[in-house]
Structures are given as C-alpha cells and as structure tokens.
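Numbering (the numbering used here), first residue to last: 9 to 353.
Please read the structure below before turning to the comments.
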C-alpha cells in the first residue's frame, strides 16, 4: 500500500503541475485573441511573448502524465481509456488544432487573426474538457455492463456539478493567466498591458471563488462520499479560502516595490498557486483509495512492485536532470531584460 501511495502522489504531482502551467498557457492564448485588435495596450504582444517559449514546455507534462498512468497503474489504464475515449479524443483533437494553429499564426502573417481566434477558442475549451475527467472518476456517470465500464454521456452532461467543474476550470484558467500576464507585463515595463491584466484579475478572482463554492454546493448530489470526506478536512479548505485575501492584497495593494506602480501581482500568483495546492490536496486525499469509484482502487490498479521501483528510480533520475533546467529556463524567461523588453523599442 505504501508503494501505491507514493505512486499516486507522483501521479497527482504531475496533474497539479500540468494544471497550473496549462491554465496559464491556455489562458494566455485566449487573452491574445481577445486583445488582438487593441494595439495600444500591447496586451496581445505580451501574451504572445509569454506563449512563445512556454507552450512546448507545458506539453511535456501531459506526456509525463499519460506515461505515469500506464507505467504506475496499468490496470486502471484500460478502464480510463474506455470511459474517456470520447472526451479524450476531443481533447487530443483540440490540443492538436491549437498547437498547429498557434504555430501557423506566427508564420502565415496574413492569416494571423483567424488563426489566433481558432487557437484561442480551442485553448479555452480544453481546460473545461480536461477537468470533466474528475467528476467522471466519481463513479456516478460510469455504468458497468458485462464487466466493461461505459460512460453515460446523458447523465454526465445533465449534471449541474459537471458544469460547475467546467465553469471553475474556465474561470480559473483566465484568472491565473491574467495574474501571471500582469506580473509579466510589469516585468516587461508594459504598463498599459499591466493595468489591463490587473483589471481582468480583479474581475475573474471572485468568479473563480464563486465557481469553487458551486462545486461544493452541487457535489453531494453526485458524490456524497467525496463531499463528506472533504468536509473532514474543512480547516484546510478554510485556509485555502483564506489565501484569497492574500491574492486580494496583491491585486488591490496601493503600493508596490516598483515606484509609481500599484499592485503586487507576483504575490497573487504565489498565493493562488498555494491556494490551489491546498485545495487539490484535500480533494486528492478525499478521493483515495479510489481512482474510479467504487471499483478501481490504487491497490487493485497498481503495477508490479519491481516494475514500480524501476520506474520510480527512472523518474527520480529524470527529474534530477530536468528540474534544474526548468528552473533555469523560468529564471531566464522572467528576468532576461533583453527578451522581456524586446518590442518596447
């Protein structure tokens, strides 16, 4: 059981890292589309400057996530592949569409606007479909016939809880990306874009919080077992909500470390990441030991212990090599003044 817990922790770590990085990535593509006709703010330039080096890095984590599922929990892979074949296929199609059009928008300049619109719309749909995987694993929408799991699409898309999850994913995508782009605009000394993204963050923050409350409000109808377990960690959930006050300080602060600029978006980015980390821990803990409730558990789906040890050692060595590179990349990306301000001239 201890090995299975380590394995599911690794898997959930991949989920969290990808969720945070991807929401910022998808959101930046959407903002690039929204502000493409507002040249004075340079908000689209900021979004594109952020997207250029990061979307490829982000995609590496979804590959790591899929490999982790198949290598650590192979007995769950078949069931997950069966019930997620329709939403998973749509997600893959949208990912391919967005990636292709994102590249073409920077090459085929005469078609830049329509290509940007398509990649932006695809990018905002992907988080909503990705998060729908979570309510599917709650078991309410999975039927078993002759030992084979089947997804009941009618029940899935008539559930208020599923739409609360989708609304939360979309609002969080726009909220996190607006915070990061505000910080990025500030570092790039693009004050018009900074004020635009800071305003967007002020609007979307309360909406994201409202969607989180809607998830908890509708959750007992579909997964009362999960709701009751999450309520066992109510103090942690309240701490998570409390981080919203720190986010507000960063958004509304009348002072800053940079003279003449109000707000501390970097504080908000750090606070919202910690907020989501605590909330995801509570959710993940409550979900244990089930991967798909009630038939697939981490123990029943776990790989052979010898295979686990080999895979786990490989992950440790891989991350020991890659993680410093990611840190170095991020430090260059956020601190290289030549890149940050390349278009100010």
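In this text, a Cβ means the ideal position worked out from N, Cα and C, and glycines have one as well.
- If one requires a minimum length of 4 residues, the alpha helix (DSSP H) runs lying completely within the stretch 108-149 are 120-139 and 141-145, in chain order.
- Non-local C-beta neighbours of residue 35 in its own chain, meaning closer than 6 Å and more than five positions away in sequence, comprise 181, 182 and 185, ordered along the chain.
- For the alpha helix (DSSP H) assignment, the uninterrupted runs of no fewer than 4 residues enclosed by the stretch 224-303 are, from N- to C-terminal side, 232-239, 242-260 and 273-295.
- Residue 37 and residue 110 do touch by the CB rule: their CB atoms are close to 7 Å apart, below 8 Å.
- In this structure, residue 206 places its C-beta atom within 7 Å of the C-beta atom of residue 271.
- Here DSSP, grouped into helix, strand and coil, assigns residue 151 to strand.
- In terms of CA proximity to residue 201, 190 leads the group 210, 211, 190 and 209.
- Out of 301, 173 and 287, the CA that lies nearest to the CA of residue 133 is found in 173.
- In this structure residue 102 does not touch residue 141 by the C-beta definition: roughly 14 Å separates them, more than the 8 Å allowed.
- Look at the stretch 162-229 and you find no whole run of beta strand (DSSP E) that is 3 residues long or longer.
- No Cβ-Cβ contact shorter than 7 Å links residue 306 with residue 313.
- Within the same chain, Cβ atoms closer than 6 Å to the Cβ of residue 177 are found at 135, 136 and 139, the five residues on either side in sequence being excluded.
- Using a C-beta cut-off of 8 Å, the stretch 212-231 makes contact with the stretch 165-172, since at least three inter-stretch Cβ pairs fall below that distance.
- Three or more beta-carbon pairs drawn from the stretch 272-288 and the stretch 20-34 are found closer than 8 Å, and the two stretches are therefore classed as touching.
- Residues 81, 84, 145, 305, 306 and 309 of the same chain have their beta carbon placed closer than 7 Å to that of residue 299, with the five preceding and five following residues left out of the count.
- Counted as a single uninterrupted DSSP element, the alpha helix (DSSP H) harbouring residue 87 occupies residues 82-91.
- Residue 160 and residue 203 have their C-alpha atoms roughly 45 Å apart.
- Contact check for residue 253 against residue 290 fails: the beta carbons are separated by 7 Å or more.
- By the Cβ-count criterion, residue 315 is exposed, with fewer than 16 other Cβ atoms from all chains shown falling within 10 Å of its own Cβ.
- Take residue 86, set aside five residues on each side of it, and no residue of its chain has a beta-carbon closer than 7 Å to its own.
- Using a 10 angstroms sphere on the CB of residue 69, the tally of other CB atoms reaches 16 or more, which defines it as buried.
- For residue 158, the enclosing beta strand (DSSP E) starts and ends at 156-159.
- Your pair residue 187 and residue 273 checks out as a contact, with CB atoms roughly 6 Å apart and the cut at 8 Å.
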